[in-house]
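The structure appears right after this line, and notes come after that.
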């Protein structure tokens, strides 16, 4: 487009191209018809038709091929997802089995510690009972007066510390 093909106006927002004469094409390809729909931005350069519209059979073939590609892609995704679900399900079963085994082991260990704790308590109580029995079974031995005086002195000194 040349500079002479533009119409200048006083309002810059109304600048539109205006051809004084029909534009000359430098290529051998005809211009697209006005009634053809615009190509989508996703279509590639090689998919654009060179000679106007595609025929109905060509469009059907392209649509059929695109549909087949889509079905293959979805089928592949489906099988990949199914495989992933099976792997996760198998892993979940293994983990649940391990969890149950660990839970059972934990219960056994708790019961073993409870048994040991009860045995230790029983042993401690038995030792205390034995000591009381030995102490009560000892005959009364009168103390000498010197020992008694020492005990009284100790008690007096303790009493004086607290007063």
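Numbering (the UniProt record's numbering), first residue to last: 1 to 163.
From the three backbone atoms N, C-alpha and C, an ideal C-beta is built for every residue, glycine too.
Rounded straight-line distance, which links the Cα of residue j to that of residue i
i	j	result
residue 164	residue 87	For residue 164 there is no data in the structure shown, the boundaries of the chain being 1 and 163.
residue 120	residue 134	21 angstroms
residue 5	residue 61	Low local confidence applies: a pLDDT of 44 at residue 5 is under 50, so the model's placement there is unreliable, and no value is given.
residue 104	residue 136	48 angstroms
residue 58	residue 90	48 angstroms
residue 125	residue 116	14 angstroms
residue 83	residue 107	36 angstroms
residue 94	residue 109	23 angstroms
residue 63	residue 80	26 angstroms
residue 73	residue 53	29 angstroms
residue 112	residue 75	55 angstroms
residue 102	residue 96	10 angstroms
residue 100	residue 114	21 angstroms
residue 98	residue 128	45 angstroms
residue 71	residue 77	10 angstroms
residue 118	residue 92	39 angstroms
residue 123	residue 130	10 angstroms
residue 85	residue 55	45 angstroms
Closer than 7 angstroms: residue i CB and nearest the ligand FMN heavy atom
i	result
residue 86	The model on display carries no ligand, and the ligand FMN is accordingly not part of it.
Exposure of residue i, with buried meaning 16 or more beta-carbon neighbours within 10 Å
i	result
residue 66	exposed
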